[in-house]
Amino acid sequence: MLLHQQILLQLYNLPHRFYLFDAGSKRTASSSSLEARRRLTRKRDGAMLAGVLPASRHFARAIVMPNLVPPVVTGADAAAYRARILDALPAGQDFTPLMTLYLTETTDAADVVAAFRAGIIHAVKLYPAGATTNSHSGVRDFGKVQGVLEAMAEAGVPLCVHGEVTDPEVDIFDREAVFITRVLDPLRRRTPGLRVVMEHVTTQEGVDYVMASAGDLAATITTHHLIINRNAIFAGGIRPHYYCLPIAKREHHRLALRKAATSGDARFFLGTDSAPHVDPLKECGCGCAGVFSASVTMSCLAHVFEQEGALGRLEAFACLNGPGFYRLPVNDALMTLEKGAEPLHVPSKITTGAGPVTVFDPGFALHWKVLPN
């Protein structure tokens, strides 16, 4: 395989496969193909929804998170939210939202299984109460959801987990590691056969736990957690647009994430967790958690994998492993990424009906761009 030629990235949402090549290099039929898709986006709703959907134009499908206000808790809620997303798509944009349900202590197991079998949902999301944006309806007593988890295991419904405890006595930088030992490992032992995705894993402990587990456990890694560590939040002052949950960790954790992402291991795949918040809700006394990276994800990933000498494994991370775990077909369309000598001009903000949203700044020049079809 010739490196500057093509790599198909199949980002778990892309309708496109891509070619990755250096500007001026010859594109050859022998280059490998990866398909690109992105795995996770928080679409939000209303005016925000219409504003952020165009930024997802490079992706064909996404696992859509259910933490709206009010949350998406039933199959009917998911079907209605899916319809709103499709109605808000720009003309000609090919995008398939893969819906999820928000697990609560009153979730109906029969409704979950029926929605999954009908193709309305593709997973259920577990938020410990208070762990992240709009998570107040989340689970406090895990005994109350055991019956639902057992029904999900029997039906093959994946459980996506926001893996942090919310105990105020636990340091924010330790909440993922504590969640694994206090919540996740006991939950998995009680529910054999349950397929679990640790969403947006951020620690060495999270990577090690996945590596030590069988094939029914996987983890997603975000674009921004591959690039920033916790110092970025405090560089020269408070940087609210780098604040997210789970929060960025120490440098050795970031390096562990890079090693896992670029390894080709089928248990790790891309989940952008791209979370748009308008600037006034980020730049204030109590700002929202979330990084909006959708519009620069592909450029950032190509940079990271090239830097690690792993462009040949970008396919596995961004394209193949996610669909494999979710038992979804791989995308067929092609997308082309070109590396140019000059850095890209990347708008620092996008405009939405709800207000401006700041785009993730990786802190380095981007040279890989997505070419028009």
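Residue numbering for the sequence shown follows our numbering, starting at 19 and increasing by one per position. Quick reminder that beta carbons are idealized off the backbone N, C-alpha and C, glycines included.
### Task
Look up R62 in the DSSP assignment and say whether it is helix, strand or coil.
Any reading at R62 is ruled out, since the residue's pLDDT is 47, under 50, leaving its predicted position unreliable.
### Message
For E187, count the other beta carbons within 10 Å of its own beta carbon; 16 or more makes it buried, fewer makes it exposed. Which is it?
### Response
Answer is exposed; the Cβ neighbour count stays below 16.
### Task
Starting from H363, follow its DSSP beta bridges and name the residues at the other end.
None; H363 has no bridge partner.
#### Entry: Inter-stretch contact (C-beta, 8 Å, three-pair minimum) for the stretch 220 to 232 and the stretch 265 to 274
At 8 Å Cβ cutoff, the stretches touch.
### Inside the stretch 182 to 210 only - alpha helix (DSSP H) runs reaching at least 4 residues
With a minimum length of 4 residues, the continuous alpha helix (DSSP H) runs that stay inside the stretch 182 to 210 are 193 to 197 and 203 to 208.
#### Entry: the stretch 238 to 246 touching the stretch 190 to 207, judged by at least three CB pairs closer than 8 Å
With a cut-off of 8 Å, the stretch 190 to 207 and the stretch 238 to 246 do not count as touching, because too few Cβ pairs lie within range.
### Query
Ordered along the chain, which non-local residues of its own chain (more than five positions away) have a Cβ less than 6 Å from that of R213?
Hits under 6 Å: P176 and D234.
### Query
With C-beta atoms as the reference, is G305 less than 9 Å away from P294?
Not in contact: G305 and P294 (Cβ atoms no closer than 9 Å).
#### Entry: K367 classed as buried or exposed, judged by whether at least 16 other C-beta atoms fall within 10 angstroms
With fewer than 16 other Cβ atoms within 10 Å, it is exposed.
### Message
Quick test of the definition: if touching needs 3 or more C-beta pairs under 8 Å, does the stretch 318 to 330 touch the stretch 249 to 263?
### Response
No contact exists between the stretch 318 to 330 and the stretch 249 to 263.
### Query
Candidates F343, T315, G342 and G373: which alpha carbon is nearest H385's?
It is T315 whose Cα lies nearest to the Cα of H385.
#### Entry: For T118 and R79, believed in contact at Cβ under 8 Å, the rounded distance
13 Å between Cβ atoms; not a contact.
### Query
Is DSSP giving E168 helix, strand or coil here?
The answer is helix: DSSP assigns E168 an H, G or I state.
### Message
Strictly by DSSP, which residues pair up with E269?
### Response
Partner(s): none; E269 has no beta bridge.
### Query
How would you call E360, buried or exposed, if buried means at least 16 neighbouring beta carbons within 10 angstroms?
A residue is called buried once 16 or more other Cβ atoms fall within 10 Å of its Cβ, and E360, having fewer, is exposed.
### Message
Applying the 10 Å Cβ sphere with the 16-neighbour rule, what's the burial state of R285?
### Response
Buried, since its Cβ has 16 or more Cβ neighbours within 10 Å.
### Task
State buried or exposed for V157, treating a residue as buried only when at least 16 other CB atoms are found within 10 Å of its CB.
Under this definition V157 is a buried residue.
### Query
By DSSP, does G373 sit in helix, in strand, or in coil?
It is a strand residue.
### Query
Which partner residues does F323 have in the DSSP bridge list?
Paired residue(s): none; F323 is not in a bridge.
### Message
So the candidates are V388, V90, D379 and D112; which of them puts its Cα closest to the Cα of R257?
### Response
Nearest option by C-alpha distance: D379.
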